[in-house]
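Each residue of the sequence shown is one higher than the one before, counting from 130 in this note's numbering.
Even for Gly, the Cβ is constructed at its ideal location relative to N, Cα and C.
Take a look at the structure below.
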Amino acid sequence: MADIIKLLPDHVANQIAAGEVVQRPASVVKELLENAIDAGSTSIKLIVKEGGKALIQVVDNGLGMSATDARLSFERHATSKIQKAEDLFNLNTKGFRGEALASIAAIAHVEMQTKPENTELGTILKIEGSTITAQEVIATPKGTSIAVKNLFFNIPARRNFLKSNHVELRHITDEFHRVALAHPSIAFRFYNNGGEMFNLPVSNHRQRIVTIFGNKANQKLVPVNEDTEVVKISGFINRPEFAKKSRGEQFFFVNDRFIKSPYLHHAVVAAFEGLIKPNAYPGYFLYLEVNPASIDINIHPTKTEVKFDDEHTLYAILRSTLKHSLGQFNVVPSLDFNQDQNLETPYAYSGKNASQPGVTVDADFNPFQEMNQRQAAIGSYKGVGSVANKGWDGLYVGLESNLGKDYAFGGMQFESDSITGSIFKDQTELNESTATTFQLRRKYIVTTIKSGMVVIDQSRAHQRVLYEKFLKNITIKEAVSQQLLFPLDLSFSKSDAIVLNEIKDSLATIGFVFGEMDGENIKVSGVPVLVAESEVGMVLDQLITDYQTEVVGDSFSQTDMLAKTLCKTLAVKTGEVLDTASQLVLVNDLFACKETLVSPFNKAVYITITENDIDKKFI
Ligand code: ADP
Ligand code: MG
Numbered sequence: 130m131a132d133i134i135k136l137l138p139d140h141v142a143n144q145i146a147a148g149e150v151v152q153r154p155a156s157v158v159k160e161l162l163e164n165a166i167d168a169g170s171t172s173i174k175l176i177v178k179e180g181g182k183a184l185i186q187v188v189d190n191g192l193g194m195s196a197t198d199a200r201l202s203f204e205r206h207a208t209s210k211i212q213k214a215e216d217l218f219n220l221n222t223k224g225f226r227g228e229a230l231a232s233i234a235a236i237a238h239v240e241m242q243t244k245p246e247n248t249e250l251g252t253i254l255k256i257e258g259s260t261i262t263a264q265e266v267i268a269t270p271k272g273t274s275i276a277v278k279n280l281f282f283n284i285p286a287r288r289n290f291l292k293s294n295h296v297e298l299r300h301i302t303d304e305f306h307r308v309a310l311a312h313p314s315i316a317f318r319f320y321n322n323g324g325e326m327f328n329l330p331v332s333n334h335r336q337r338i339v340t341i342f343g344n345k346a347n348q349k350l351v352p353v354n355e356d357t358e359v360v361k362i363s364g365f366i367n368r369p370e371f372a373k374k375s376r377g378e379q380f381f382f383v384n385d386r387f388i389k390s391p392y393l394h395h396a397v398v399a400a401f402e403g404l405i406k407p408n409a410y411p412g413y414f415l416y417l418e419v420n421p422a423s424i425d426i427n428i429h430p431t432k433t434e435v436k437f438d439d440e441h442t443l444y445a446i447l448r449s450t451l452k453h454s455l456g457q458f459n460v461v462p463s464l465d466f467n468q469d470q471n472l473e474t475p476y477a478y479s480g481k482n483a484s485q486p487g488v489t490v491d492a493d494f495n496p497f498q499e500m501n502q503r504q505a506a507i508g509s510y511k512g513v514g515s516v517a518n519k520g521w522d523g524l525y526v527g528l529e530s531n532l533g534k535d536y537a538f539g540g541m542q543f544e545s546d547s548i549t550g551s552i553f554k555d556q557t558e559l560n561e562s563t564a565t566t567f568q569l570r571r572k573y574i575v576t577t578i579k580s581g582m583v584v585i586d587q588s589r590a591h592q593r594v595l596y597e598k599f600l601k602n603i604t605i606k607e608a609v610s611q612q613l614l615f616p617l618d619l620s621f622s623k624s625d626a627i628v629l630n631e632i633k634d635s636l637a638t639i640g641f642v643f644g645e646m647d648g649e650n651i652k653v654s655g656v657p658v659l660v661a662e663s664e665v666g667m668v669l670d671q672l673i674t675d676y677q678t679e680v681v682g683d684s685f686s687q688t689d690m691l692a693k694t695l696c697k698t699l700a701v702k703t704g705e706v707l708d709t710a711s712q713l714v715l716v717n718d719l720f721a722c723k724e725t726l727v728s729p730f731n732k733a734v735y736i737t738i739t740e741n742d743i744d745k746k747f748i
């Protein structure tokens, strides 16, 4: 057999390597920003167009490069940052692989202008798909500017795979945040499609967080400071009451590098245990400094994963430091830290005998207290016939007569007249004693039908009910809105404010009433009936996040997407306790929906188990 193995040509090898380094425009942003930082810049400008698909440009005032270095920088494994493998264990730079520029140049049109301090003229270099098309001398200021155009122009499959511009922009913004938060001593500016998104002057960590996330961020921050032999921890955690249902604003930096660490995240969550609801996430901005020799950042091409030598110690120190901060700043006055055994762990780690761990329990803590309030507030299934429930009536106008004739909701015959008979005539007559439902594991509502029983997923059922209600509001164009007695003043980060502006009109169709937008601030004077005043901020945050990340991407319109997000956010969740009356209303509301089988996200809402099915089990 003839020899068949061939070496891949360089440009093909580069394209393949590029796939690892560059997944999307945001990856390019990260690499270019990091190079600018490694070059000792004090001021960095990021310019993007069309979500980075048309242009990503980073302009810095750092060291610059000689003509030869400029050319070499696009070669694979060309780096000024390490010389031998051992250097990997003592890294003080972001880059070290020498792959980024070569990879980017393999899949885009790149133009670099650069000049070091001590030369009069600089270099301009143009590269298309790894081929240098021009190199000239040019007058340019000290520093480097790299413009990356038409990303993936030669890999159509990858280009088609990119998401819409605003989703890509979101990823870029996330990347920008991470870099900017890690380096408050560097000034950053960020322009999108010609408009300024961020202008971040040189500052400290706290100011940087506030300039990025808006003034409202300031009051949330609880400072964290700890200096041990293993690690130095500084930064901030958000007060527990600001914990969000969605992730975000969770940042770990190790030696000024943003990292992802589910393990350390867990340590933070553990420190907040008992202070926030189980499905909420605390926000944090934590800066860890460790000996570079004690970590390995080489395990992932995009360098966001880090291996620590002694993760367990780090975990213990982090958790107790955070607990300490929460206590010290009087965030948790009820916790008695003298009795907290956890606090002992890191300081006297060695030479101590293990002692029986103690447990402190806050007997007054009731995790469902707030939930119940919330249920009442969203007019769900607490207190049937109460004011909160009024919003529901309108939904079923017209249904009453149809459904009244036979009780076959969605083709389903209920065994008990008491459920179906009364509901659509007068909900207030509902009486718990007539109910034939029960809640299973705080997750399912079980009820009987003629042929057997139905097991309903409570959260999905409520999503369906809310979704149809919102859609109905939207289509009849007179959303049921409740006026707020005192309009709320909400402030957003710049990028969130931009999104809010885009979706404001659609939000109005579902019942939000907004005043004029003043920069990042907006007045909310009305909200949909089903949204509690205390939840407005959270709901809007969720709407903005979902819109940016296209979580509910297969929606056929913006309003449909908003309705989906809203119903997801507001629906009763798994784990919430529903009283019998609430269960009953939910069951009836569900079977009054146009579609009952699947949730708005196409998940099964209920299953039926027939008597026959049960009989079979007994054979
Ligand atoms: P790495 O950062 O891993 O070294 P890159 O491909 O990102 O690899 O960059 C290659 C080299 O090009 C760097 O080591 C650095 O010497 C040089 N370089 C890249 N960007 C800049 C910049 N903005 N300013 C000065 N030098 C740069
Ligand atoms: Mg680099």
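Just to confirm, does Glu-304 get its C-beta within under 7 Å of one of the non-hydrogen atoms of ligand 2? no
Inset, instruction - Report, in whole angstroms, the separation of the C-beta atoms of Val-397 and Leu-447, which I expect to be a contact under 8 Å. - result: At roughly 7 Å, the Cβ-Cβ gap stays under 8 Å, so Val-397 and Leu-447 are in contact.
Are the CB atoms of Met-241 and Ile-275 within a distance shorter than 8 Å?
yes
With ligand 2 as the reference, list in chain order each residue whose Cβ lies under 5 Å from any of its heavy atoms. Asn-164, Gly-224 and Ala-229
| query | Is it true that the CB of Val-584 sits closer than 8 Å to the CB of Ile-738? | reply | yes
*Between the CA atoms of Lys-452 and Leu-754 - distance to the nearest angstrom*: Because the chain in this structure spans residues 130 to 748, residue 754 falls outside the shown range and cannot be described.
Nearest-angstrom Cα separation, counted from Ala-229 out to Glu-149: For Glu-149 and Ala-229, the distance between alpha carbons rounds to 10 Å.
Would you mind reading off the limits of the beta strand (DSSP E) that contains Lys-278? 272 to 278
- Query: Is it true that the segment 153 to 163 meets the segment 293 to 305, where meeting means three or more beta-carbon pairs spaced less than 8 Å apart?
  - Reply: yes
* Going by Cα to Cα distance, which pick from Ser-620, Ala-661, Cys-722 and Ala-409 is closest to Gly-644? -> Ser-620
Return the residue from the list Ile-639, Lys-633, Val-658 and Gly-640 that minimises the CA-CA distance to Met-646.
Considering only alpha carbons, the answer is Lys-633.
Reference Glu-249; option with closest CA among Lys-174, Met-194, Gln-379 and Arg-226
Met-194
inquiry  = What residue range does the alpha helix (DSSP H) around His-238 cover?
reply    = Per DSSP, His-238 belongs to no alpha helix (DSSP H); it is in the beta strand (DSSP E), 238 to 244.
_Using a Cβ-Cβ cutoff of less than 6 Å, which residues in the same chain neighbour Ile-133 once the five nearest sequence positions on both sides are dropped?_
Its chain contains no residue whose beta carbon lies nearer than 6 Å to that of Ile-133 once the 5 sequence neighbours on both sides are disregarded.
Q. Going straight from the alpha carbon of Asp-546 to that of Lys-374, what length do you get?
A. Confidence in Asp-546 is poor, its pLDDT being 40 and thus under 50, which makes the residue's placement unreliable; the coordinate value appears in the next sentence. Answer to the nearest angstrom: the Cα atoms are 39 Å apart.
Are the segment 166 to 186 and the segment 310 to 320 touching by the rule of at least three beta carbon pairs closer than 8 Å?
yes
* To do: Under 7 Å Cβ to Cβ from Gly-520, same chain only, skipping five residues before and after it: list those, please.
  => With a pLDDT of only 36 at Gly-520, under the threshold of 50, the placement of this residue in the model should not be trusted, and no figure is reported.
Element boundaries [beta strand (DSSP E), containing Gln-186]
184 to 189
Margin query: Taking 7 Å as the cut-off, is the beta-carbon of Gly-251 closer than that to any non-hydrogen atom of ligand 1?
Written below: no
For Pro-391, the first and last residue of its enclosing alpha helix (DSSP H)
Following the DSSP letters along the chain, one finds Pro-391 inside the alpha helix (DSSP H) bounded by residues 391 to 400.
Original post:
Thinking just about the alpha-carbon of each residue, which of Ala-409, Thr-357, Ser-588 and Val-594 is nearest to the one in Gln-379?
Top reply: Ala-409
Where Gly-377 falls: helix, strand or coil (DSSP) | coil
Compute the distance between the beta-carbons of Val-668 and Thr-698, then report whether it is under 8 Å.
yes
Discussion item. Nearest by alpha-carbon distance to His-312: which of Gly-323, Ala-286, Glu-325 and Pro-330 is it?
Written reply: Looking at the Cα atoms, Pro-330 is the closest of the given residues.
| Where does Asp-793 fall in DSSP's three states? | Since the first and last residues shown for the chain are 130 and 748, residue 793 lies out of range.
Using 8 Å as the cut-off, can you tell me whether the segment 201 to 217 makes contact with the segment 353 to 362, which would need three or more C-beta pairs spanning the two stretches below that distance?
no
Q | Rounded distance between the beta-carbons of Tyr-735 and Asp-586, thought under 8 Å | A | 7 Å
With DSSP run on the structure shown, which of helix, strand or coil describes Met-194? Note: Met-194 maps to coil in three-state DSSP.
For Arg-571 and Val-716, the rounded distance between their alpha carbons: 15 Å
Exercise. Can you give the Cα-Cα distance for Ser-259 and Asn-143, rounded to whole angstroms?
Worked result: 8 Å
Next item on the list: Would you mind stating whether Ile-253 and Ile-233 have Cβ atoms separated by less than 8 Å?
Entry: no
* To do: List the endpoints of the continuous beta strand (DSSP E) containing Lys-159.
  => Segment 154 to 167 is the alpha helix (DSSP H) holding Lys-159; no beta strand (DSSP E) there.
- For the 8 Å Cβ check, are there 3 or more pairs between the segment 621 to 630 and the segment 333 to 343? Output reads yes: the segment 333 to 343 touches the segment 621 to 630.
According to the neighbour-count rule (16 or more other Cβ atoms, all chains shown, within 10 Å of its Cβ), is Ala-626 buried or exposed? buried
- Over the uninterrupted beta strand (DSSP E) stretch that includes Ala-316, give me the two end residues. Run containing Ala-316: 316 to 321, per the beta strand (DSSP E) assignment.
Original post:
Do you know offhand how far Gly-514's Cα is from Thr-709's?
Top reply: Any reading at Gly-514 must be qualified, since the residue scores a pLDDT of 34, below 50, and its modelled position is unreliable; the value itself is stated next. About 14 Å.
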